[in-house]
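Going by the working numbering, 982 is the number at position 169 of the sequence shown; the sequence numbering is gapless.
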Amino acid sequence: MPKADSGAGFSQSLERGLAVLSSFTPERPELGISELARMLALTRSTAHRYVATLATLGYLHQDEATRKYRLGPRVLDLGFAVLGSLELREIAAPHLRRLAETTGHTANLAVRDDTDAILIDRVRGRPCRYHQFEFSLHIGSRLPLYCSATGKTLLAFLPRQDIDRLLDTIDLTQRGPRTLTDRTALLAELEQVRRTGIAVNDEELENALRSIAAPVRSRSGSVVAAVNLAIPWSPVAMSELVALLGPAVQGAARQISARVV
814 MPKADSGAGF SQSLERGLAV LSSFTPERPE LGISELARML ALTRSTAHRY
864 VATLATLGYL HQDEATRKYR LGPRVLDLGF AVLGSLELRE IAAPHLRRLA
914 ETTGHTANLA VRDDTDAILI DRVRGRPCRY HQFEFSLHIG SRLPLYCSAT
964 GKTLLAFLPR QDIDRLLDTI DLTQRGPRTL TDRTALLAEL EQVRRTGIAV
1014 NDEELENALR SIAAPVRSRS GSVVAAVNLA IPWSPVAMSE LVALLGPAVQ
1064 GAARQISARV V
């Protein structure tokens, strides 16, 4: 288990308890005591003590059939409490609702965390407009920066050295039929996003899914979030969709920006 810098008031027990919770990921939703002990370099009895405590408090839940553990509802409560306290989310909520109502498409608000865009709010559009991929998304979902409209928006306005640093750590994997896997082509598109103030995903993240995004700026002018519309595929050209829906997305982003400190 990684060692944190200790000092006055540092609690190793708390550090280990948080490390147990952090071990659960979308790729590893269920873990047993032996797996956790091995991952965190703890004895099995020590791992069991922390897991039992977390389970008693509701932060972990044991599956009766497999005897393995997964994150419990108290973790969700913590996450939503944090999201609910975000001023940005509160500011954006009415504008996202209006955007979804006027366009019929799902509206999202996202911020950057390293190489991902994290959805911090979303308002679903009309049911007939959903793409199947949308059903798997929720508040807290992560999307890759390089192949999502929100991600490209959050990436494009960073200083060039930060863009290069992030791209050095990203594997430009083919995700959809039109994913940009060439770094030069991606950089050219990011330059276009900076020029136009709008980013698109044209089947780059998922087959038959398109999206349009625009930046939310703080009073200083820095990009702090992105607003996007998720649009199921249709015969309409992407350029026409941008002409039709882009102004609404940019308008919502500007209205949110006007209230951000």
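For every residue, glycine included, the Cβ atom is placed at its ideal position computed from N, Cα and C.
{"query": "Cutoff 7 Å; reference L1000; Cβ partners in own chain excluding five residues on either side", "result": "none"}
{"query": "Start-to-end residues for the alpha helix (DSSP H) that takes in Y882", "result": "It is not in any alpha helix (DSSP H) - Y882 instead sits in the beta strand (DSSP E) that spans 882-884."}
{"query": "Bridge partners - S1075, DSSP secondary structure assignment", "result": "What is shown of the chain runs 814 to 1074, which leaves residue 1075 out entirely."}
{"query": "Element boundaries [beta strand (DSSP E), containing H861]", "result": "Note, H861: premise wrong, no beta strand (DSSP E); alpha helix (DSSP H) at 857-869."}
{"query": "Local conformation of A854 per DSSP, three classes", "result": "coil"}
{"query": "As assigned by DSSP and simplified to three states, the class of P842", "result": "coil"}
{"query": "Cβ-based neighbour list, A963, same chain, cut-off 6 Å, excluding 5 preceding and 5 following", "result": "With the sequence shown as reference, residue 963 is identified as Thr, and Ala is not the correct amino acid for it. The answer, listed in chain order, is A923, A930, A1026, A1039, N1041."}
{"query": "Cβ-based burial, N1020 [other Cβ within 10 Å; buried from 16]", "result": "exposed"}
{"query": "Local conformation of S898 per DSSP, three classes", "result": "The predicted position of S898 is uncertain, since its pLDDT is 43 and thus under 50; a value taken from the coordinates is nonetheless stated next. Coil."}
{"query": "Nonlocal neighbours in the same chain, by C-beta distance under 7 Å from F837, ignoring five residues either side", "result": "L844, R883, L884"}
{"query": "Top-ranked residue by Cα proximity to E848, from P1060, Y872, K881", "result": "K881"}
{"query": "Residues of its chain near E877, where Cβ-Cβ distance is below 8 Å and the 5 sequence neighbours each way are ignored", "result": "none"}
{"query": "Proximity to V1006 [Cα-Cα], best of S1047, L1057, Q1063, D981", "result": "Q1063"}
{"query": "Residue closest to T997, alpha-carbon to alpha-carbon, out of L985, L1058, L834, G1010", "result": "L985"}
{"query": "Contact set for D926: own chain, Cβ-Cβ below 8 Å, skip 5 residues either direction", "result": "R955"}
{"query": "9 Å Cβ cutoff met for L831 and V1029", "result": "no"}
{"query": "Close-in-space but distant-in-sequence residues of the same chain around I846 (CB under 7 Å, 5 per side omitted)", "result": "R857, A860, H861, V864"}
{"query": "Pair within 9 Å by beta-carbon distance, R958 and L950", "result": "Arg is not the amino acid found at residue 958; the sequence shown has Leu there. No; because the gap between Cβ atoms is not below 9 Å, this pair is not in contact."}
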